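Chains as they are written, first to last, in the numbering used here: chain U, 566 to 677; chain B, 8 to 118.
Worksheet: the structure to be examined is printed underneath.
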Amino acid sequence: NAGVTQTPKFQVLKTGQSMTLQCAQDMNHNSMYWYRQDPGMGLRLIYYSASEGTTDKGEVPNGYNVSRLNKREFSLRLESAAPSQTSVYFCASSYTSNTEAFFGQGTRLTVV
Amino acid sequence: GIQVEQSPPDLILQEGANSTLRCNFSDSVNNLQWFHQNPWGQLINLFYIPSGTKQNGRLSATTVATERYSLLYISSSQTTDSGVYFCAVDYSGGSNYKLTFGKGTLLTVNP
């Protein structure tokens, strides 16, 4: 049972480049989330999808877009990467909102 | 939004010692979780505990929702317990889900 799988694990981008972070879960969860972790800041919610077909902004959505491709997959897109988006990105899922959330292993992104 | 404060921010222990980590939150919550982030960056679920007490081996947790705090107890600590411990809550009065994290407690267990 893989749980929540993120790809890639590491990525270096130049300022202005675009990329998509992929996330998939195999736990039949309805809700999925994207967080970023910066030193001293804890984890902050970027976007979430309470169920297939819906997405909502979190605390820090600027510069990002998301797609809930199907029940299993939730992608995060950076259209024009900026150095301020250098961070570790975590995807998470839960059966419904307010139930236990499980996290992927993270993607370490550096924008130069 | 809801505020989550963890204490202490840093803690250094000798192997075998016991410790208590605290999480205070500013409003009523539907969900409270404790996570351990190991030195490789993985977030490990420890407890899902919106109220009550749970135990798992050397670790236990208690949440007193009416008083808006949760405690994580680590007994007979081991070097593998080192890492950052996060508390995260979901505000019950919000219209949308938002798991809000504290800034964590950095635990170092020395051999």
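Cβ coordinates follow ideal geometry from the N, Cα and C atoms, glycine included.
Quick caveat: nothing in here was measured; it's all calculated off a predicted structure.
Ala95/B, enclosing beta strand (DSSP E) - first and last residue: Here residue 95/B is taken as the residue at index 88 of the second sequence, counted from 1. According to the DSSP assignment, Ala95/B belongs to the beta strand (DSSP E) that extends over 90 to 98.
What are the residues of the region 36 to 58 of chain B that lie near chain U, defined by any Cβ-Cβ distance shorter than 7 Å? Hits within the stretch, in order: Asn37, Asn38, Gln40, Gly48, Gln49, Leu50, Asn52, Tyr55.
Gln670/U: contacting residues in chain B (beta-carbon distance under 7 Å): Looking up residue 670/U in the first sequence gives position 105. Within chain B, the residues near Gln670/U are Gln49.
Let me know the secondary structure DSSP gives Gln582/U once reduced to three states. Position 17 of the first sequence, counted from the start, is the residue given in the question as residue 582/U. It is coil, neither helix nor strand.
Give me the residue from Gln670/U, Gly671/U, Ala657/U with the minimum Cα distance to Tyr612/U. Taking the first residue of the first sequence as position 1, residue 612/U is located at position 47. Taking only the C-alpha atoms, the option nearest Tyr612/U is Ala657/U.
Could you give the uninterrupted runs of the beta strand (DSSP E) lying entirely in the region 45 to 92 of chain B, keeping only those of 3 residues or more? Taken in chain order, the complete beta strand (DSSP E) segments of 3 or more residues contained in the region 45 to 92 of chain B are 50 to 55, 59 to 63, 66 to 71, 76 to 81.
Please determine, among Glu22/B, Gln21/B, Val36/B, Asn25/B, the residue with the shortest C-alpha to C-alpha distance to Cys94/B. Counting from one through the second sequence, the residue named residue 94/B turns up at place 87. Selected option, being the one with the closest Cα: Val36/B.
Under three-state DSSP, which class holds Ser652/U? By one-based count along the first sequence, residue 652/U stands at place 87. Of the three classes helix, strand and coil, the one that applies to Ser652/U here is strand, per DSSP.
Cβ of Leu610/U within 8 Å of Cβ of Tyr598/U? Numbered from 1 along the first sequence, position 45 holds the residue referred to as residue 610/U. Numbered from 1 along the first sequence, position 33 holds the residue referred to as residue 598/U. The Cβ-Cβ distance between Leu610/U and Tyr598/U falls below 8 Å.
Select from Gln650/U, Gln590/U, Tyr600/U the residue whose C-alpha is nearest the C-alpha of Glu617/U. Locating residue 617/U in the first sequence gives position 52, counting from the first residue. Out of Gln650/U, Gln590/U, Tyr600/U, Gln590/U has the C-alpha closest to the C-alpha of Glu617/U.
Counting only beta-carbon separations shorter than 8 Å, does Leu79/B have a partner in chain U? For this step, residue 79/B is matched to residue 72 along the second sequence. No, because no Cβ of chain U sits closer than 8 Å to the Cβ of Leu79/B.
How about Asn31/B and Ile81/B: do their beta carbons lie closer than 8 Å? Sequence index remark: in the second sequence, residue 31/B carries index 24 (1-based). Sequence index remark: in the second sequence, residue 81/B carries index 74 (1-based). No, the Cβ-Cβ distance between Asn31/B and Ile81/B is not below 8 Å.
Per DSSP, Gln10/B forms a beta bridge with which residues? Here the question's residue 10/B lines up with position 3 in the second sequence. Beta-bridge pairing links Gln10/B to no other residue.
Where DSSP assigns a beta bridge to Val116/B, which residues make up the other side? Mapped onto the second sequence, residue 116/B falls at position 109. Note: Val116/B sits in a beta bridge opposite Leu20/B.
As assigned by DSSP and simplified to three states, the class of Tyr621/U: Counting from 1 along the first sequence, the entry for residue 621/U is found at position 56. Residue 621/U is actually Asp in this sequence, not Tyr. Under the three-state reduction of DSSP output, Asp621/U falls in the strand class.
Work out the CA separation of Pro57/B and Ser33/B for me, nearest whole Å. Taking the second sequence and counting its residues from 1, the one referred to as residue 33/B is at position 26. Taking the second sequence and counting its residues from 1, the one referred to as residue 57/B is at position 50. Straight-line Cα distance between these residues: approximately 14 Å.
CA-CA distance, Leu20/B and Thr115/B? Taking the first residue of the second sequence as 1, we reach residue 20/B at position 13. Taking the first residue of the second sequence as 1, we reach residue 115/B at position 108. If you take the alpha carbons of Leu20/B and Thr115/B, they lie about 6 Å apart.
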